[in-house]
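So the sequence shown is numbered by the UniProt record's numbering: it starts at 1 and just counts up by one.
Note that the Cβ used here is the ideal one computed from N, Cα and C, for glycine as well.
This structure is a prediction, so every number in the text was calculated from the model and none was measured.
Below is one structure, written out as structure tokens, with a few remarks after it.
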Amino acid sequence: MSTAHVKFPPRDVAETSICSPWHGVRQKRNGWADGPEYVTQCPIQPGGSYTYRFIIVGQEGTLWWHAHTSWVRATVHGALIIHPKIYSSYPFRKPDVEFPVILGEWWNKNPIEVLRQALKTGGAPNASDAFTINGRPGDLYNCSGEEITVFPVATGDIVLLRFINAAMNTELFVSVADHPMTVVAVDASYTKPFTTSVILLGPGQTTDVLIHATHHSGRFYIAAHAFASSPAAPLDNTTTTAILEYNTGETTTNPPALPRLPAFNDSAAADAFAAGLKSPRPVKIPAPVDNRLFTTVGLGLFNCPPGKQCGGPNGTRFGASMNNISFVLPRGKLSLLQAAVFGVSGVFTADFPASPPVKFDYTGNNISRSLWQPMKATKLYPVKFGSVMEVVLQGTSIVGVDEHPTHLHGYNFYVLARGKGNFDRRRDEGKFNLVDPPKRNTIGVPAGGWAVIRFVADNPGVWLMHCHIDSHLTWGLATALLVENGVGERESTLPPPPDLPAC
Numbered sequence: 001m002s003t004a005h006v007k008f009p010p011r012d013v014a015e016t017s018i019c020s021p022w023h024g025v026r027q028k029r030n031g032w033a034d035g036p037e038y039v040t041q042c043p044i045q046p047g048g049s050y051t052y053r054f055i056i057v058g059q060e061g062t063l064w065w066h067a068h069t070s071w072v073r074a075t076v077h078g079a080l081i082i083h084p085k086i087y088s089s090y091p092f093r094k095p096d097v098e099f100p101v102i103l104g105e106w107w108n109k110n111p112i113e114v115l116r117q118a119l120k121t122g123g124a125p126n127a128s129d130a131f132t133i134n135g136r137p138g139d140l141y142n143c144s145g146e147e148i149t150v151f152p153v154a155t156g157d158i159v160l161l162r163f164i165n166a167a168m169n170t171e172l173f174v175s176v177a178d179h180p181m182t183v184v185a186v187d188a189s190y191t192k193p194f195t196t197s198v199i200l201l202g203p204g205q206t207t208d209v210l211i212h213a214t215h216h217s218g219r220f221y222i223a224a225h226a227f228a229s230s231p232a233a234p235l236d237n238t239t240t241t242a243i244l245e246y247n248t249g250e251t252t253t254n255p256p257a258l259p260r261l262p263a264f265n266d267s268a269a270a271d272a273f274a275a276g277l278k279s280p281r282p283v284k285i286p287a288p289v290d291n292r293l294f295t296t297v298g299l300g301l302f303n304c305p306p307g308k309q310c311g312g313p314n315g316t317r318f319g320a321s322m323n324n325i326s327f328v329l330p331r332g333k334l335s336l337l338q339a340a341v342f343g344v345s346g347v348f349t350a351d352f353p354a355s356p357p358v359k360f361d362y363t364g365n366n367i368s369r370s371l372w373q374p375m376k377a378t379k380l381y382p383v384k385f386g387s388v389m390e391v392v393l394q395g396t397s398i399v400g401v402d403e404h405p406t407h408l409h410g411y412n413f414y415v416l417a418r419g420k421g422n423f424d425r426r427r428d429e430g431k432f433n434l435v436d437p438p439k440r441n442t443i444g445v446p447a448g449g450w451a452v453i454r455f456v457a458d459n460p461g462v463w464l465m466h467c468h469i470d471s472h473l474t475w476g477l478a479t480a481l482l483v484e485n486g487v488g489e490r491e492s493t494l495p496p497p498p499d500l501p502a503c
């Protein structure tokens with residue numbers, strides 16, 4: 001059993017409550033250790049503490065942990081590395097050296113204040129002022145020459161780079177100068193190795209790559225910049241860098257080589273990377289499907305309250321929704337999981353719609369204004385234990401198209417297909433990869449497109465499904481699966497721990 005003890009400082013040091021999810025850990029039967037505030041627990045209050053206890057079974061690779069309260073995760077996050085068991089090995093040559101490479105975002109002001117200002121006006125939050133690699137922006141920014149991460153290697157090394165996108169709101173292209181990357185895993189699931197010059201990570205995603213240090217000397221940039229699928233979204237157009245440096249004992253003043261990154265809006269490069277991801281061998285796809293959920297994912301707008309001035313388009317407030325429901329956290333005396341386990345009514349309803357309440361041209365150019373304003377509610381989607389779930393995530397063009405990296409807590413899933421436009425089962429089911437689809441916990445729904453995932457609902461509890469772009473989550477782009485208990489103790493949610501935080 002793994003434990004993590006989280007204690008928050010006294011009130012004179014920190015005034016924000018916090019929750020700490022273990023992103024991608026399966027948490028079988030144990031939503032109490034999952035972490036999102038008011039979903040599986042109430043936040044840890046300033047001065048309080050909570051010990052997360054969980055068992056890691058059948059997982060190895062790169063995951064991470066982060067705060068799931070407001071925008072605290074902008075700085076409260078870290079890598080969670082699960083190594084192969086003793087006497088077992090990687091399904092590839094053992095690396096000589098490995099490094100976690102955490103990609104982040106930086107604002108020149110407190111990110112909590114950035115969020116508060118956006119919530120006050122109803123507009124989009126300001127774009128970040130820099131990106132970072134392991135907390136440092138790199139030397140392409142003004143006055144940041146000393147703030148660069150260096151990864152030392154030796155000639156001949158096989159190097160494992162464990163990339164984690166901890167950025168709040170930005171997908172990132174990443175490349176290593178003069179070193180092809182072989183992708184070997186995503187989201188702590190091994191992949192069929194393939195070589196590429198660039199990788200793409202949405203917020204929440206991880207990607208493991210191998211590089212072969214074939215040079216005899218030199219310094220080479222690892223560089224990352226934004227992939228911006230929405231032309232209307234605020235854009236941080238800067239580039240963060242770290243340095244891959246050969247240990248030769250020689251001192252050089254030559255600038256590092258810089259890789260060529262795709263353009264900020266290069267959707268073809270993004271799609272090409274996604275198409276290369278496959279499981280390392282044929283897998284048994286869960287079938288037949290018992291439960292089909294078709295849900296839109298996209299932005300919306302709320303009318304500005306009377307007497308207020310709002311910063312969204314045409315004086316509105318930004319919102320977001322799934323199937324026209326803008327998710328509202330209960331923020332009461334109980335979390336959703338507590339309410340479900342103890343049968344407390346009035347906290348949520350279990351009637352999230354299995355398909356859009358109104359069918360429309362989801363990615364069209366002239367969507368009726370009557371569909372732009374979602375309904376605010378706390379609705380969960382009920383799921384029978386052991387059922388095979390297939391979820392279609394359909395992007396919309398309401399307000400504008402955008403990529404939505406969607407994360408499902410408590411589960412891994414197979415990504416059967418992705419595509420552009422409106423999903424049409426009669427046309428698109430033939431595109432499903434039913435042989436070796438990749439396994440993930442966070443899937444990028446293409447801008448103006450769709451993705452299909454499938455998994456077995458064998459983990460009882462309340463499991464949040466949400467866009468990992470935090471501004472979208474803040475606006476309500478989420479729902480939660482209410483997976484009922486199965487038969488007997490081994491198929492039922494564990495009792496809550498005695499130190500579970502109170503609201």
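Collapsed DSSP secondary structure at Val76 in the structure displayed: coil
Short Cβ contact (8 Å threshold) for Glu390 with Gly444: no
Beta strand (DSSP E) runs wholly inside the UniProt domain "Plastocyanin-like" (351-485), at least 3 long, in chain order: DSSP runs (the beta strand (DSSP E)) wholly in the UniProt domain "Plastocyanin-like" (351-485): 375-377, 380-383, 388-395, 404-408, 413-420, 442-445, 449-456, 461-467 and 478-483.
Residues near Ile367 in its chain [Cβ-Cβ closer than 8 Å; skip 5 each side]: Phe360, Asp361, Thr396, Ser397 and Ile398
Same chain only: Cβ atoms within 7 Å of Pro262, ignoring 5 sequence neighbours per side: Phe173, Val198 and Ala269
As assigned by DSSP and simplified to three states, the class of Ser492: coil
Residue of Gly249, Cys467 and Asp499 minimising C-alpha distance to Gln205: Cys467
Beta-ladder partner(s) of Gly300, from DSSP: Gly319
Between the CA atoms of Pro46 and Pro10 - distance to the nearest angstrom: Residue confidence is low: Pro10 scores 45 on pLDDT, short of 50, so the model does not pin down where it sits. Its coordinate-derived value is still stated next. Each residue's alpha carbon lies about 6 Å from the other.
Under the three-state DSSP convention, the category Asn237 falls into: coil
Contacting residues, own chain, Cβ-Cβ under 6 Å from Leu329 (five flanking each side not counted): Tyr38
Per DSSP, the bridge partner or partners of Phe163: DSSP lists Val101 and Thr207 as the beta-bridge partner residues of Phe163.
Inter-stretch contact at 8 Å, needing at least 3 Cβ pairs: the region 413-429 / the region 159-168: no
Trp32 in three-state terms, based on DSSP: helix
Cβ neighbour criterion (16 or more within 10 Å) applied to Tyr52: The residue is buried, with at least 16 neighbouring Cβ atoms inside 10 Å.
Stretch-stretch touch, CB-based, cutoff 8 Å, three pairs: the region 145-159 with the region 61-74: no
Beta-carbon gap between Trp22 and Leu80 smaller than 8 Å: yes
Leu115 versus Ala287 - alpha carbon distance: 43 Å
Start-to-end residues for the alpha helix (DSSP H) that takes in Ile112: For Ile112, the enclosing alpha helix (DSSP H) begins and ends at Pro111 to Thr121.
Val150 (DSSP reduced to helix, strand or coil): The answer is strand: DSSP assigns Val150 an E or B state.
Ser189 in three-state terms, based on DSSP: strand
Straight-line Cα distance separating Thr196 from Pro180: 6 Å
First through last residue of the alpha helix (DSSP H) which encompasses Ser267: Counting along the chain, the alpha helix (DSSP H) containing Ser267 begins and ends at Ser267 to Ala275.
Euclidean distance between Cα positions of Val176 and Gly122: 39 Å
Cβ-based burial, Asp351 [other Cβ within 10 Å; buried from 16]: exposed
Residues near Asp236 in its chain [Cβ-Cβ closer than 8 Å; skip 5 each side]: Here the set comprises Glu105, Ala127, Ser128, Asp129, Ala130, Phe131, Thr170 and Ala226.
Span of the beta strand (DSSP E), counted from its first residue to its last, around Val174: Its beta strand (DSSP E) spans residues Glu171 to Val176.
Start and end residues, alpha helix (DSSP H) containing Phe342: Leu336 to Phe342
Beta-carbon spacing of Asn411, Asn365 below 8 Å: The sequence given here has Tyr at residue 411, not Asn. Against a cut-off of 8 Å, the Cβ pair of Asn365 and Tyr411 comes out as no contact.
Pairwise C-alpha distance: Thr378 and residue 509: Outside the displayed span of the chain (1 to 503) sits residue 509, for which this structure offers no information.
Residue span of the beta strand (DSSP E) that contains Gly61, given as start and end: Gly61 to His66
Helix, strand or coil at Asp139 according to DSSP, with G and I counted as helix: coil
Enclosing beta strand (DSSP E) for Ile325 [first to last residue]: Ile325 to Phe327
Range covered by the beta strand (DSSP E) that runs through Arg53: Ser49 to Phe54
Paired residues, beta bridge with Leu201 - DSSP: Leu172
Burial state of Pro111 (16 or more Cβ within 10 Å): buried
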